[in-house]
Amino acid sequence: CVVLALRVAPWRDVPLRSEDRRRLLNHSGIPTAATLSRLRRGSSVLQAMTEHPDTATALLVALCSVPNRDSARKIAQELVTQRLAACVSTVPAVESTYWWQGAVETAEELLLVIKTSQDRAQGVMDSVQANHPYDTPELIFLPIRGGLPKYLAWLVDSVGDPA
């Protein structure tokens, strides 16, 4: 499996009061999804994410190409059912050109846009590997650097601990 996980900037640059910093950030200075799930719209961390787009976040978008709609639905259903992703959007009719076994290949694929958290990234990787028909599925993670606070709060709540 080819995986690219981008490191994001430290949360120490987020403008938080010292008591909030101690309460909300882990030892590395990065909030976990569990921490974010307790926050609501208007909180200092969510405000920092939208007001300071250069600030790191524990929320991610993952991109994964699949060969057909059945594979897309299977992977999307598994990720959302297991609360590994808040939402999986399927983009149809993507043409991919890539190197494979020493030759340039072109394939019609679909692209999954997976909204998740850093805490759920390993689960997303495991689920994609278990359910994907390719030997080497594409799966890359990109940080979410900001967004509408209400949407970000929904995303955080949706990938919280399973009930």
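First residue of the sequence shown: 3, per the numbering used here; consecutive thereafter. Heads up, the beta-carbon is just placed ideally off N, CA and C, and yes, glycines get one too. Nothing here was measured: the structure is a model prediction, and the numbers come from that model.
Alpha carbon to alpha carbon, how far is R147 from A11? Give it in angstroms, no decimals. Taking the first residue of the sequence shown as position 1, residue 11 is located at position 9. Taking the first residue of the sequence shown as position 1, residue 147 is located at position 145. Note that A11 scores 40 on pLDDT, short of 50, meaning its location in the model is unreliable and no value can be drawn from it.
Quick check for students: name the residue ranges of the alpha helix (DSSP H) that lie wholly in the region 64–135, counting only runs of 4 or more. Complete alpha helix (DSSP H) runs here, min 4: 71–83 and 123–133.
Whole angstroms is fine: what's the gap from Q120's alpha carbon to Q103's? In the sequence shown, counting from the first residue as 1, residue 120 sits at position 118. In the sequence shown, counting from the first residue as 1, residue 103 sits at position 101. Distance between the alpha carbons of Q120 and Q103: 31 Å.
Taking buried to mean at least 16 other C-beta atoms within 10 Å of its own C-beta, is E111 buried or exposed? Taking the first residue of the sequence shown as 1, we reach residue 111 at position 109. Burial is judged here by how many other beta carbons sit within 10 angstroms of a residue's own beta carbon; E111 has at least 16 and is buried.
Looking at the structure shown, is C3 part of a helix, part of a strand, or coil, going by DSSP? The count along the sequence shown starts at 1 and reaches residue 3 at position 1. The predicted position of C3 is uncertain, since its pLDDT is 35 and thus under 50; a value taken from the coordinates is nonetheless stated next. Here DSSP, grouped into helix, strand and coil, assigns C3 to coil.
Is it buried or exposed, K152, if we count other Cβ atoms within 10 angstroms and call 16 or more buried? For this step, residue 152 is matched to residue 150 along the sequence shown. Classification for K152: exposed.
Test item: CB-CB of L141 and V158 under 8 Å: Counting from one through the sequence shown, the residue named residue 141 turns up at place 139. Counting from one through the sequence shown, the residue named residue 158 turns up at place 156. In this structure, V158 does not lie closer than 8 Å to L141 by Cβ.
Rounded distance between the beta-carbons of F143 and L86, thought under 8 Å: As a position in the sequence shown, residue 86 is number 84, starting the count at 1. As a position in the sequence shown, residue 143 is number 141, starting the count at 1. In this structure, L86 and F143 do not form a Cβ contact; the two beta carbons are roughly 12 Å apart against a cut-off of 8 Å.
What does the Cβ neighbour count give for V68, buried or exposed, with the cut at 16 atoms within 10 Å? For the purposes of this step, residue 68 is identified with residue 66 of the sequence shown, where counting begins at 1. Burial call: buried.
Could you tell me which of T138, S160 and R122 sits nearest to C66, measuring between CA atoms? Within the sequence shown, residue 66 is the residue found at index 64, counting from 1. For C66, the nearest C-alpha among the options comes from T138.
Tell me whether T118 is buried or exposed, calling it buried when 16 or more other Cβ atoms sit within 10 Å of its Cβ. For the purposes of this step, residue 118 is taken as residue 116 along the sequence shown, with counting starting at 1. Label assigned to T118: buried.
Can you name the start and end residues of the beta strand (DSSP E) that P145 belongs to? Within the sequence shown, residue 145 is the residue found at index 143, counting from 1. Counting along the chain, the beta strand (DSSP E) containing P145 begins and ends at E140 to P145.
Tell me which residue opens and which closes the alpha helix (DSSP H) that A155 is part of. In the sequence shown, the residue the question calls residue 155 occupies position 153. Unbroken alpha helix (DSSP H) run through A155: P151 to S160.
Shortest alpha-carbon distance to V93 belongs to which of R122, A74 and E107? For the purposes of this step, residue 93 is identified with residue 91 of the sequence shown, where counting begins at 1. Answer by Cα proximity: A74.
Out of D72, T83 and K76, point me to the one whose CA is closest to S160's CA. What you label residue 160 is simply residue 158 of the sequence shown in a count that begins at 1. Per the C-alpha coordinates, the member of D72, T83 and K76 positioned closest to S160 is T83.
Can V126 and L81 be called in contact, C-beta distance under 8 Å? Here residue 126 is taken as the residue at index 124 of the sequence shown, counted from 1. Here residue 81 is taken as the residue at index 79 of the sequence shown, counted from 1. Yes, they are a contact pair.
Distance check for V106 and Y100, CA to CA, integer angstroms please. Indexing the sequence shown from 1 puts residue 100 at position 98. Indexing the sequence shown from 1 puts residue 106 at position 104. Straight-line Cα distance between these residues: approximately 6 Å.
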